[in-house]
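Trainee: After the structure tokens below, expect a handful of questions from me.
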Amino acid sequence: MFASLSPITWLGLLGTPLLIAMGQVLFKMTSSTAGDFSLRGLLALAANPVLLAALALYGFGTIVWIYVLKSVPLTLAYSFMGLTFCFVPLLAQLFFGEPLTFRYALGTVLIFAGLLAING
């Protein structure tokens, strides 16, 4: 199945989880400037350019994903969304200095093993 996929479909399978992970980083950045949970705070949050960028990444990722699903069965394609659990900690380390642990590395290996088991 996967041998017959176009390079652009592969880009979507791998790129969508990366877009989602990047959106998570922007959500975390937004959280540091979020005010109180009030009407005023929510209005300020709605106008936050970092939040708007995160939502744009999610929206673009969704559009890409829809085109991926034209070529790949959902049961196979969705397993690639597990890559977000690999990408988010890497980006969190890069942008926030969060530690990468042995447990993270082990989990990443298991996620890749799961991808191979499901799609291999």
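Note that my numbering has the sequence shown beginning at 250, numbered continuously upward.
Yeah, the Cβ is synthetic: ideal placement off N, Cα and C, and Gly gets one too.
Mapping DSSP to helix, strand and coil, what is residue 326?
Mentor: Three-state DSSP puts residue 326 in a helix.
Trainee: Three-state secondary structure (DSSP) at residue 363?
Mentor: Here residue 363 sits in helix by DSSP.
Trainee: Please classify residue 330 as buried or exposed, where buried requires at least 16 neighbouring CB atoms within 10 angstroms.
Mentor: The residue in question, residue 330, is exposed, as its Cβ has fewer than 16 Cβ neighbours within 10 Å.
Trainee: Going by C-alpha to C-alpha distance, which of 336, 333, 328 and 332 sits closest to residue 369?
Mentor: Residue 369 has its Cα closest to that of 328, out of 336, 333, 328 and 332.
Trainee: Just how far apart, CA to CA, sit residue 367 and residue 336?
Mentor: Going by the C-alpha atoms only, they are around 19 Å apart.
Trainee: Go through its chain and collect everything with a Cβ distance to residue 274's Cβ below 6 Å, but skip five positions before and after it.
Mentor: Excluding positions up to five away in sequence, the list reads 340 and 344.
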